[in-house]
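Just so you know, we're using full-length UniProt numbering here: the sequence shown kicks off at 1 and counts up by one.
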Amino acid sequence: MRAGIAGIGFMGWIHYLAYQRATGAELVAFCTRDPQRRGGDWTGIQGNFGPPGKQIDVSNLSVYETLDEMLENDSIDLIDICLPVHLHVDAVRKCLEAGKHVLCEKPLALNADDAASLVALAESKGLHLMVAHVLAYLPEFRLLVDAQQSGKYGKCLGGRFKRVIGPVDWNPDFYNPEKVGGPLIDLHVHDAHLLRLLFGMPKEVISRGRMRGETTSYFESMMTYDDPDVIVSVGGGTIDQHGRPFTHGYEVHFERATIQFEFAGFDDGTELMPVKIIHEGGKIERPELGSGDPADAFVIEVQTAADVLAGKDPGALAGQLAADALQICELELQSIKSNASV
Ligand SMILES: NC(=O)C1=CN([C@@H]2O[C@H](COP(=O)(O)OP(=O)(O)OC[C@H]3O[C@@H](n4cnc5c(N)ncnc54)[C@H](OP(=O)(O)O)[C@@H]3O)[C@@H](O)[C@H]2O)C=CC1
Ligand SMILES: O=C1CO[C@H](CO)[C@@H](O)[C@@H]1O
1 MRAGIAGIGF
11 MGWIHYLAYQ
21 RATGAELVAF
31 CTRDPQRRGG
41 DWTGIQGNFG
51 PPGKQIDVSN
61 LSVYETLDEM
71 LENDSIDLID
81 ICLPVHLHVD
91 AVRKCLEAGK
101 HVLCEKPLAL
111 NADDAASLVA
121 LAESKGLHLM
131 VAHVLAYLPE
141 FRLLVDAQQS
151 GKYGKCLGGR
161 FKRVIGPVDW
171 NPDFYNPEKV
181 GGPLIDLHVH
191 DAHLLRLLFG
201 MPKEVISRGR
211 MRGETTSYFE
221 SMMTYDDPDV
231 IVSVGGGTID
241 QHGRPFTHGY
251 EVHFERATIQ
261 FEFAGFDDGT
271 ELMPVKIIHE
281 GGKIERPELG
291 SGDPADAFVI
301 EVQTAADVLA
311 GKDPGALAGQ
321 LAADALQICE
331 LELQSIKSNA
341 SV
């Protein structure tokens, strides 16, 4: 698979690094508005994980200022969209119209209708629209998906999930529904996607949250499914304290095992409650889960995209799952706003 990245910011850099280590997925091009970055100077990029950006070798890459120019390159199979979310819909549409497969960073769009229309467009063109929902490729979360799919601990009965960040000082548009969509669309969509993978679409959603403008800043949701044994609670959003910029975790129950995990970044370091599988009968297993570097999951993600172009099932990358995840977020907001279950 020959790929071109659109947008060189935090995710553009992390995806670039992933292509350096991936097999079967070759990065051949990128586009950026920034002349320095077109020259390979990617210093100044720094996200909340991964190394800082550095000078990269552009001699074997085709470099463009705009996505339109990059789309004229017939040798590119797939465009890897790492643009801000409010640009996703137009960019994905353009790529599909130009006959390119797409791997788009999460969330696919700012709302479920737009996401569904992109999924339908890709289908009508016979192209793959994949969404880079990386959570399902992080080993701590992959193990839940694998256990659910294999049934090795029996039925998955649900659990509790959380994802909380500190104040978002870096983006004044964070709570703007036209730009980012607040914690539901930017952050919780990771868990909504995971829940969709594990349990399907909920039958009923009860959410309560603090509103900030037109969206919520912090919320808790309870979800039920067709199977009355399955109960899920999920929550998160932003808190006003800077001291703990990020945490995520879960406790998930299967018929024959409970799995626990929590990770948090604090201003003075990180703390991890590693994955523990508490088996029926009481045995506690602490599985080895790789290097702990989240960047590894992005390598798997781009390799999986290449496998999909070679004929494999898109699994967690399927565009429809990403559209469903946005639908779940919308149900939650609807429940918060109406103060009723939906
Ligand atoms: N999976 C994950 O863990 C994460 C996913 N994300 C997702 O990745 C996507 C990109 O986020 P992130 O990399 O953090 O964002 P950044 O702001 O760091 O990068 C986005 C890049 O898009 C380009 N761009 C083009 N047009 C515009 C425009 N009009 N306004 C702003 N930027 C523009 C810019 O690159 P240039 O100057 O080169 O044109 C910019 O650097 C989002 O969808 C986000 O939700 C983000 C963080 C983590
Ligand atoms: O997906 C993401 C991971 O978490 C970040 C916050 O820390 C989000 O802003 C980002 O979009």
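Even glycine gets a Cβ: it sits at the ideal position worked out from N, Cα and C.
Rounded C-alpha distance that separates residue i from residue j
| i | j | result |
| --- | --- | --- |
| GLN36 | LYS54 | 12 angstroms |
| ASP226 | LEU157 | 12 angstroms |
| ALA192 | ALA316 | 12 angstroms |
| LYS276 | VAL308 | 32 angstroms |
| THR270 | PRO139 | 18 angstroms |
| ILE239 | HIS190 | 18 angstroms |
| ASP41 | LEU67 | 19 angstroms |
| GLU204 | PHE263 | 29 angstroms |
| GLY213 | LYS283 | 48 angstroms |
| THR224 | ASP268 | 38 angstroms |
| residue 350 | GLY243 | The requested residue 350 is not part of the displayed model; the chain covers only 1 to 342. |
| SER217 | ASN60 | 44 angstroms |
| LEU135 | ARG163 | 12 angstroms |
| PRO168 | HIS86 | The question names Pro, but residue 168 in the sequence shown is Val. The alpha-carbon atoms of VAL168 and HIS86 are separated by roughly 17 angstroms. |
| GLY237 | LYS94 | 32 angstroms |
Buried or exposed by the 16-neighbour rule on C-beta atoms within 10 Å, applied to residue i
| i | result |
| --- | --- |
| GLU288 | exposed |
| HIS248 | buried |
| LYS312 | exposed |
| PRO172 | exposed |
| PRO228 | exposed |
Cβ shell of residue i (< 6 angstroms), same chain only, five flanking positions each side left out
| i | result |
| --- | --- |
| VAL252 | LEU144, GLY159, ILE259 |
| MET1 | ALA25, ASP77, LEU78, ALA306, LEU309 |
| GLY12 | ILE5, CYS82 |
| GLY265 | PRO245, PHE246 |
| ALA147 | TYR153 |
| PHE174 | VAL168, VAL180 |
Contact belief for residue i with residue j at Cβ below 8 angstroms, rounded distance in angstroms
| i | j | result |
| --- | --- | --- |
| PHE199 | VAL234 | About 11 angstroms; that fails the 8 angstroms criterion. |
| LEU321 | ARG196 | 6 angstroms |
| GLY47 | PHE10 | 3 angstroms |
| GLY281 | VAL119 | Actually they do not touch by this definition, with Cβ atoms about 44 angstroms apart. |
| ALA323 | ALA115 | 4 angstroms |
| GLU69 | CYS31 | 7 angstroms |
| GLU332 | PHE254 | At roughly 25 angstroms, the Cβ-Cβ gap does not stay under 8 angstroms, so GLU332 and PHE254 are not in contact. |
| VAL131 | LYS106 | 6 angstroms |
| PHE141 | LEU194 | 6 angstroms |
Beta-ladder partner(s) of residue i, from DSSP
| i | result |
| --- | --- |
| TYR250 | PHE161, PHE261 |
| HIS279 | ALA257 |
| VAL234 | PHE161, SER221 |
| ARG142 | For ARG142, which the question treats as bridged, DSSP gives no partner whatsoever. |
| GLU26 | ARG2 |
Beta-carbon contacts of residue i that lie in its chain and below 7 angstroms, excluding the five residues immediately before and after
| i | result |
| --- | --- |
| GLN334 | VAL342 |
| GLY44 | GLY53 |
| ALA112 | ALA323, LEU326, GLN327, GLU330 |
8 angstroms Cβ shell around residue i - same chain, five flanking residues per side excluded
| i | result |
| --- | --- |
| ALA295 | ILE14, LEU17, ALA18, PHE49, GLY50 |
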